[in-house]
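Student: Mapped onto my numbering, the consecutive letters of the sequence shown carry residue numbers 12 to 260.
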Amino acid sequence: RQGWETIMEPVLINAILGDKYKIASETLYHRVRKRVIDYINKLTGVQTIVQMEGLIKMVEEFNIVPKDNILDKFGYKKIYNDALMEMVNKRLTRFNKGELDINDYTIKGAVRFLQALRDRDVKLYLASGTDQEDVLNEARLLGYADLFDGGIYGSVGDVSKYSKKIVIEKIIKKNNLKGSELAVFGDGPVEIRECRKHEGIAIGIASNEIRRHGLNPDKRTRLIKAGAHIIAPDFSQLKDLISLLFNNI
């Protein structure tokens, strides 16, 4: 799903400007675009449905679209998701044809690192802001679903039933974890903050998703502000990460 931001940006701008999308002044367009980009950057890792709730507030704030024409969060989500899945399905088609493989769709060393954790009997969970069905489908197609023996979780369209906060709290309760027995890896501030609240080890992955290795400075800044204990650009330094997590045991 690398590139989701470039899909979401025009969807949000279009929603805010409505019929004025093609005729808006340069000043207005750039004001809306700046607001949208800032909004997207702040909500990395948040469920899509929650992002759409925030979109409605922005549409109302700019007050360009008539109230009767403002969609609900599910309507905006469908517009975004349809555009996103068009991109995703093209990539899956190339994968199924054998033109690309798992290394073209994962951050460097990620699958090897997951296997190293499993070899140490660490129970693994995956929590995503993407819809549950899509998360499961893509994990199975790429062949790493079985590594997450604790389960794979995604959005169910109801924030009262699913959020990364809820998943983390369930993991802690189910496994009776205390402090550093919980480790959370993520590239978004949401999961990092939740991990810190429960005194777990928060590892921020400041990944460059285009190259699939190396550092993304903007992500690094956001993850540090969220409270990450460790920042890594990818999983290529497997031995060092394992050493930090397990104190060389």
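Glycine residues also receive a C-beta, built at the ideal position from the N, C-alpha and C atoms.
Here the structure is a predicted model, which means the values were calculated and not measured.
Take the Cβ of I182 as the centre, count every other Cβ of all protein chains shown within 10 Å, and call the residue buried at 16 or more, exposed below.
Tutor: I182 comes out buried.
Student: Do F124 and F257 have their C-beta atoms within less than 7 Å of each other?
Tutor: The answer is no: Cβ separation not under 7 Å.
Student: First and last residue of the alpha helix (DSSP H) that includes I90?
Tutor: Residues K84 to N107.
Student: Excluding sequence positions up to five away, which residues of its chain have a Cβ less than 6 Å from the Cβ of Y155?
Tutor: V122, listed in sequence order.
Student: Going straight from the alpha carbon of K176 to that of R151, what length do you get?
Tutor: Spanning the two alpha carbons is a distance of roughly 24 Å.
Student: Note the first and the last residue of the continuous beta strand (DSSP E) segment covering F124.
Tutor: From DSSP, F124 is part of no beta strand (DSSP E) but of the alpha helix (DSSP H) over A121 to D130.
Student: Take I75 and list the residues in its own chain whose beta-carbon comes closer than 7 Å to its own, dropping the five residues that flank it on each side.
Tutor: If we look at I75 and ignore the five residues flanking it on each side, its Cβ neighbours are I27, L28, G29 and K31.
Student: Contact check, V201 vs G56 under 8 Å by CB: the rounded distance?
Tutor: Going by Cβ atoms, the distance from V201 to G56 rounds to 4 Å, so yes, they are a contact pair.
Student: Should A239 be listed as close to the ligand SAM, given that the test is whether its C-beta is under 6 Å from any heavy atom?
Tutor: Absence of the ligand SAM from the depicted structure is noted, as is the absence of any ligand whatsoever, leaving it without description.
Student: Kindly indicate the opening and closing residues of the beta strand (DSSP E) around V195.
Tutor: A194 to G197 is the span of the beta strand (DSSP E), which, as asked, contains V195.
Student: From R231 to L82, what does the alpha carbon distance come to, in whole angstroms?
Tutor: Each residue's alpha carbon lies about 35 Å from the other.
Student: Would you grab the beta carbon distance between L135 and F159 for me? Rounded to a whole angstrom, and I think it's under 8 Å.
Tutor: About 5 Å separates the two Cβ atoms, so the contact holds.
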